[in-house]
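Student: Quick one: the structure is below, questions incoming.
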Amino acid sequence: MPATVLIGAQWGDEGKGRVADWLAGDADVVARFAGGDNAGHTVVVGSKVFKLHLVPSGILHERVICVLGNGMVVNPVRLLEEIDGLAALGVDVSPGRLLVSTRAHLISPAHIALDTASEKARGKESIGTTLRGIGPAYMDKTGRRGIRAGDMNDLETFGDALHITLEQANETLVSQGYTPVDANSAVSDYINAAIRLRPYLHDTTAYLNERLRGGTRVLCEGAQGTLLDIDHGNYPFVTSSSPTVGGALTGLGFGPRYVDRVVGVAKAFSTRVGSGPMPTELEGPLAERLRGTGENFWDEFGTTTGRPRRCGWLDMVVPAFLAHHLLFPALPPMIGLALTGILSLVLISLVLFFFW
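By the count of my numbering, the sequence shown reaches residue 1082 at its end, each step adding exactly one.
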């Protein structure tokens, strides 16, 4: 069976980008299934550093087709910026290589403004979101009032729907004392983005099922980590989607019979961005040593936000819990270990490969 699911076994930032790059070399299709541009992968190829937020890391392998699945929320303007940035670095991101699900929901400027307002209103109780509009976009999706990527095929209807969404959001923003979004400017920007993105739109569910039936090797590239899952994470300090094995199936639209391997990735010390519990968190010089200065791409600063990550000792309860209860029916039989010295810890980078 040809599908591999790659997921984070902590709070995200485990090094999935590098592992995804390794695994993509043996894949025909690499597909994202959850989240949006709140997540980030850093991949180094030679002297080039690629920071990816929406486009799967498989795009760096010439023969690989990449998919943004129906479980994602996509900011069209940000996606175009990423496509243009990759193209400027010599990467082929043509419509034939990147397929965007018509069922993926879109993030609008209204979602970003509402996300910011919500975090400010929480004050000290803020969740620590990336302020990319992810939560409000998923709220509109589950509230059955969202705008989907397929709506961009009809520019007039798309523009009208976006205008209504912005007006409704502005009423909320103004009532709470926040500056409203410039609806006319936003609609213009999104219409222009839609014109360019329409060739990328596909029924990716049908595409993936057809390819899987034919034996195509598909890598399901997870973002964030299982402890940020909306159901199984440290609620309410979680994301709004499911970055788990189950999330891969619903976020791409195929059944479990196609999955023959699950790969969980963890670092040998814990990191977390934003608020929420972290039992082994460190402070002081050792935490700063682990975090780095931000000058190197491997330092512990968010790929998306640039925020310093909270650092702590490896909490083995976390991957053990995930292996037993969420991901696998038995203990993982294979562990890959990469070591780098640091005081008594002597473990800096650990990758756990779990198979069922």
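Every residue gets a Cβ at the ideal spot worked out from N, C-alpha and C, and that includes glycine.
Go ahead and label residue 966 buried or exposed: buried means 16 or more other beta carbons lie within 10 angstroms of its beta carbon, across all protein chains shown.
Tutor: buried
Student: What separation, rounded to the nearest whole angstrom, lies between the Cα atoms of residue 939 and residue 984?
Tutor: In a straight line, the C-alpha of residue 939 is about 8 Å away from that of residue 984.
Student: Does residue 1080 pass the burial test, meaning 16 or more other C-beta atoms within 10 Å, or should it be called exposed?
Tutor: For residue 1080, the predicted structure reports a pLDDT of 43, less than 50, and the residue's modelled location is therefore unreliable. A value from the coordinates is still provided. Buried is the call here.
Student: Here's the rule I'm using: 16 or more other beta-carbon atoms within 10 Å means buried, otherwise exposed. How should residue 937 be labelled?
Tutor: buried
Student: Per DSSP, residue 1038 is paired with what?
Tutor: 996 and 1007
Student: Using the DSSP secondary-structure output, state which residues sit across from residue 730 in a beta bridge.
Tutor: 945 and 987
Student: Pull up the distance between the alpha-carbon of residue 949 and that of residue 766, whole angstroms please.
Tutor: 8 Å
Student: Counting Cβ pairs, one atom from each stretch, are 3 or more of them under 8 Å apart for the stretch 826-840 and the stretch 889-901?
Tutor: yes
Student: Fully enclosed by the stretch 954-982, which alpha helix (DSSP H) runs are 4 residues long or longer?
Tutor: 971-978
Student: Check whether the Cβ atoms of residue 843 and residue 926 lie closer than 8 Å to each other.
Tutor: no
Student: Where does residue 874 sit, in a helix, a strand or coil, going by DSSP?
Tutor: Residue 874 falls in the strand class under three-state DSSP.
Student: Using only the alpha-carbon positions, how far apart do residue 774 and residue 897 sit?
Tutor: The C-alpha of residue 897 is placed about 45 Å away from the C-alpha of residue 774.
Student: Could you round the C-beta distance between residue 823 and residue 795 to whole angstroms and report it? I think they count as a contact, below 8 Å.
Tutor: No, residue 823 and residue 795 are not in contact; Cβ-Cβ is about 16 Å, not under 8 Å.
Student: State the DSSP-derived secondary structure class of residue 771, mapped to helix, strand or coil.
Tutor: strand
Student: Which same chain residues, not among the five before or five after residue 953, have their C-beta less than 7 Å away from its C-beta?
Tutor: 736, 737, 959, 960 and 1044
Student: Considering only heavy atoms of the ligand PLP, does any lie closer than 7 Å to the CB of residue 975?
Tutor: The ligand PLP is absent from the structure shown, which contains no ligands of any kind.
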